[in-house]
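Chemist: Residue numbers (this note's numbering), protein chains in the order written: chain A, 1 to 272; chain B, 1001 to 1163. All residues carry an ideal CB built from backbone N, CA and C; glycine is no exception. Mind looking over this structure? Questions follow.
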Amino acid sequence: MLHQFSYAAPRSKSELFSILDDQGANAKVLAGGTDLLVNIRNGVMKPRLVVDIKKVSGYQGISYSPTEGLIFRPTVTINEILRDASVRDHYPLLQECGHDLASYQVRNRATIMGNVVNASPCSDMAPALLCLGARAVIASSKGTREVPFKEFFTGVKKTVLSPTEVLESIVVPASSAGGRGAYRKLKRINGHDLGIVGVAVYIQGDVLRIAASSSAPTPVVTPDLPVDISVEDAVAATRKIISPISDVRCSKEYREFMVEVFVKRLLAEVRK
Amino acid sequence: MKISVKINGELYERDVAENRTLLRFLREDLGFTGTKEGCGAGECGACTVFMNGKTVNSCMVLAVEADGAEIETIEGEAKDGTLSKLQEAFDKNNAVQCGFCTSGMIMSARELIRIHPKPTVEEIKEGLEGNFCRCTGYQQIIEAVLDATGQLEKKEGLKYAGK
């Protein structure tokens, strides 16, 4: 039995913002629900109001233009991303990461917005968004502000979002399109599982970026590195951004070791 | 809150609590007990149903979210007392042991076949990755899907094929 709450399904942004202004931290935004409803079930979250944003007009769909880049609206599911032709043609790294997220029926509900707002250190979509230099467009009744994903995560399950704000869109810049990337996630089993460590590498133009998940309190990314960087220096740059812990899944040392293994393998792969 | 939901083609109007999951609504309010609750957290897939043509874990959907939706459950799989091709193949290939995962398995298998009408063993494994069988009858389940899609000959490649 779930903890008791009331439910609202606003149809417009103004209706949504006025509910959030009124309820503040008592309200939780519901998109796919694959994290929120589990958190409520486990008693981790006890919202008085659940605000379903799936019917808010303007919150649906993916758009792409060669000048603006890619825009994900907040109710876009992972399976929508996996089927989208413009994502496939211009930012396939997002599909590679999305493909590793949970199981087919979870991906039918789970949203990219929820994946980053949940701010788990093992987020599957964050490594791709960090490598691609994506931005979060955050909205409230007071207007909108943009935050690069590099600054979006502030701790384990914490982001820069305040309770009255909504992540209204995710923008992947046009300048990041068309590079070569790869993602590797270490799991205990071949099927759906939380990551032990995840690493993404992306080369585009004269910039190389390496992002890692499950290896620091938040998903992390290196500064822009030169594309001809040596393997040793790339490993050293990645070591600098990670700070893994030991937990039920494995030890800190094993995580450090596997991040290094993945950086080496992925570098060789994207440079082929 | 008052909701109206179409389930296996029939319309139901009910008052539900906001915190009721679609799964509990189906099982306890309407008696569609073919759909099972395993983990209740989106890991095991026993509660898989179709919602507006897509498979979902009904333990992670609120009943109020299904207002106006079309739901398909295992109860709608057989038509006029005749088993579907998938059900028949599960029966014939011993893909049902305790039966707890079967309703969810058949929902996911139906979706898998819609996307890949002739799935490879790898595609079957991937399509069913969100459905756990704790009797570990995976080999027979994969064989059943191969059989239902007329490619039982591929099962030779399945032996000891774990990786």
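Whose C-beta lies closer than 7 Å to the C-beta of Arg-1110 of chain B among residues of the same chain, with five residues either side of it excluded?
Modeler: Around Arg-1110 of chain B: Leu-1086.
Chemist: Keeping to the same chain, check which residues put their C-beta closer than 7 Å to that of Glu-68 of chain A; ignore five residues upstream and five downstream.
Modeler: Closer than 7 Å at Cβ, skipping near neighbours: Ala-174.
Chemist: Where do the ends of the beta strand (DSSP E) carrying Pro-92 of chain A lie?
Modeler: That residue, Pro-92 of chain A, is in no beta strand (DSSP E); its alpha helix (DSSP H) goes 92-99.
Chemist: On the three-state DSSP scale, how would you describe Ala-9 of chain A?
Modeler: Correct three-state label for Ala-9 of chain A: coil.
Chemist: If the cut is a Cβ gap below 7 Å, which residues of chain A does Ala-1041 of chain B touch?
Modeler: Going along chain A in sequence order, the residues near Ala-1041 of chain B (Cβ under 7 Å) are Val-38 and Arg-41.
Chemist: How many angstroms separate the CA atom of Pro-92 of chain A from the CA atom of Ser-176 of chain A?
Modeler: Taking the straight line joining both Cα atoms gives about 11 Å.
Chemist: Please identify, using Cβ separations under 8 Å, the residues of the region 1060-1072 of chain B that lie next to chain A, in order along the chain.
Modeler: Cβ contacts with chain A come from Met-1060, Val-1061, Leu-1062, Val-1064 and Glu-1065.
Chemist: Reducing DSSP to helix, strand and coil, say where Met-1051 of chain B ends up.
Modeler: Three-state result, Met-1051 of chain B: strand.
Chemist: Using the beta-carbon of each residue, which ones in chain B are nearer than 7 Å to Gly-191 of chain A?
Modeler: Correct list: Glu-1129.
Chemist: Which word fits Arg-1027 of chain B, buried or exposed, when buried means at least 16 other C-beta atoms lie within 10 angstroms of its C-beta?
Modeler: With 16 or more other Cβ atoms within 10 Å, it is buried.
Chemist: Tell me where the alpha helix (DSSP H) around Ala-1109 of chain B begins and ends.
Modeler: 1102-1115 is the span of the alpha helix (DSSP H), which, as asked, contains Ala-1109 of chain B.
Chemist: Determine which residues of the region 1026-1058 of chain B have a Cβ less than 7 Å from any Cβ of chain A, and write them out in chain order.
Modeler: Those residues of the region 1026-1058 of chain B that come within reach of chain A (Cβ to Cβ, closer than 7 Å) are Gly-1040, Ala-1041, Gly-1042, Gly-1045, Thr-1048, Lys-1054, Thr-1055, Val-1056 and Asn-1057.
Chemist: Per DSSP, which residues does Asp-1015 of chain B bridge with? Please list them.
Modeler: Paired residue(s): B:Lys-1002.
Chemist: Anyone know if the C-beta pair for Met-1060 of chain B and Gly-33 of chain A falls short of 9 Å?
Modeler: The answer is yes: Cβ separation under 9 Å.
Chemist: How should His-273 of chain A be labelled, buried or exposed, when 16 other C-beta atoms within 10 angstroms of its C-beta is the threshold for buried?
Modeler: The requested residue 273 of chain A does not occur in the structure, where chain A is confined to residues 1 to 272.
Chemist: State the CB to CB distance for the pair Tyr-59 of chain A and Cys-131 of chain A, rounded to an integer number of angstroms; the pair is presumed to be in contact (CB under 8 Å).
Modeler: No, Tyr-59 of chain A and Cys-131 of chain A are not in contact; Cβ-Cβ is about 26 Å, not under 8 Å.
Chemist: Using a Cβ cut-off of 9 Å (strictly closer), state whether Tyr-7 of chain A contacts chain B.
Modeler: It does: the Cβ of Tyr-7 of chain A has a partner Cβ on chain B nearer than 9 Å.
Chemist: So what does DSSP say about Gln-204 of chain A, is it helix, strand or coil?
Modeler: Strand at Gln-204 of chain A.
Chemist: With contact counted as at least three CB pairs below 8 Å, one residue from each stretch, are the region 177-187 of chain A and the region 119-128 of chain A in contact?
Modeler: At 8 Å Cβ cutoff, the stretches touch.
Chemist: Checking 9 Å against the spacing of the C-beta atoms, do Pro-74 of chain A and Glu-15 of chain A come in under that value?
Modeler: Cβ distance not < 9 Å, so Pro-74 of chain A and Glu-15 of chain A don't count as in contact.
Chemist: Quick check on this structure: which residue in A:Val-221, A:Pro-217 and A:Asn-39 has the alpha carbon closest to the alpha carbon of Thr-159 of chain A?
Modeler: Closest option to Thr-159 of chain A, Cα to Cα, is A:Pro-217.
Chemist: Can you name the residues of chain B whose CB is closer than 9 Å to the CB of His-3 of chain A?
Modeler: Correct list: Asn-1019.
Chemist: Okay, do the region 202-215 of chain A and the region 247-261 of chain A touch, 3+ Cβ pairs below 8 Å being the bar?
Modeler: With a cut-off of 8 Å, the region 247-261 of chain A and the region 202-215 of chain A count as touching, because enough Cβ pairs lie within range.
Chemist: Could you name the residues of chain A that Ser-1108 of chain B contacts, counting a contact when the two beta carbons are closer than 8 Å?
Modeler: Here the neighbours are Tyr-104 and Gln-105.
Chemist: What residues from chain A crowd round Met-1001 of chain B, counting only those whose CB sits closer than 7 Å?
Modeler: The contacting residues are Tyr-7.
Chemist: Suppose the cutoff is 7 Å on Cβ atoms and the five residues either side in sequence are ignored; what does the same chain contact list for Thr-77 of chain A look like?
Modeler: Correct list, in chain order: Gly-32, Arg-107, Asn-108, Arg-109, Ala-110 and Thr-111.
Chemist: Is Arg-41 of chain A closer than 9 Å to Gly-1040 of chain B when the C-beta atoms are compared?
Modeler: Yes, the pair counts as a contact, with Cβ atoms nearer than the cut-off.
Chemist: If you run the structure through DSSP and keep just helix, strand and coil, what is Lys-1163 of chain B?
Modeler: Unreliable placement is indicated for Lys-1163 of chain B, whose pLDDT of 43 sits below 50; the coordinate value is still reported in the next sentence. Correct three-state label for Lys-1163 of chain B: coil.
Chemist: Give the interface partners of Asp-84 of chain A over in chain B, defined as CB-CB distance under 9 Å, in chain order.
Modeler: By Cβ distance, chain B contributes nothing, its closest Cβ being about 16 Å from Asp-84 of chain A, past 9 Å.
Chemist: Determine the direct distance from the alpha carbon of Ala-8 of chain A to that of Phe-1132 of chain B, and round the result to whole angstroms.
Modeler: Approximately 34 Å between the Cα atoms of the pair.
Chemist: When the distance is taken between beta carbons, is Thr-154 of chain A closer than 9 Å to Ala-119 of chain A?
Modeler: Yes. Within cutoff.
Chemist: Output the residue ranges of the alpha helix (DSSP H) runs that lie fully inside the region 1043-1102 of chain B and measure 4 residues or longer, sorted by chain position.
Modeler: Counting whole runs of 4 or more residues, the region 1043-1102 of chain B contains the alpha helix (DSSP H) stretches 1085-1092.
Chemist: How about Val-29 of chain A and Val-117 of chain A: do their beta carbons lie closer than 9 Å?
Modeler: It is a contact, given that the beta carbons lie within the stated cut-off.
Chemist: Using CA coordinates, which residue listed in A:Lys-54, A:Met-113, A:Val-248 and A:Thr-238 is at the minimum distance from Leu-266 of chain A?
Modeler: Of the candidates A:Lys-54, A:Met-113, A:Val-248 and A:Thr-238, the one whose C-alpha sits nearest the C-alpha of Leu-266 of chain A is A:Thr-238.
Chemist: To which residues of the same chain is Asp-1067 of chain B closer than 6 Å at the C-beta, ignoring the five residues directly before and after it?
Modeler: Same-chain partners within the cutoff: Ile-1003.
Chemist: Compute the distance between the beta-carbons of Glu-1126 of chain B and Asn-1093 of chain B, then report whether it is under 9 Å.
Modeler: Going by C-beta atoms, Glu-1126 of chain B is not nearer than 9 Å to Asn-1093 of chain B.
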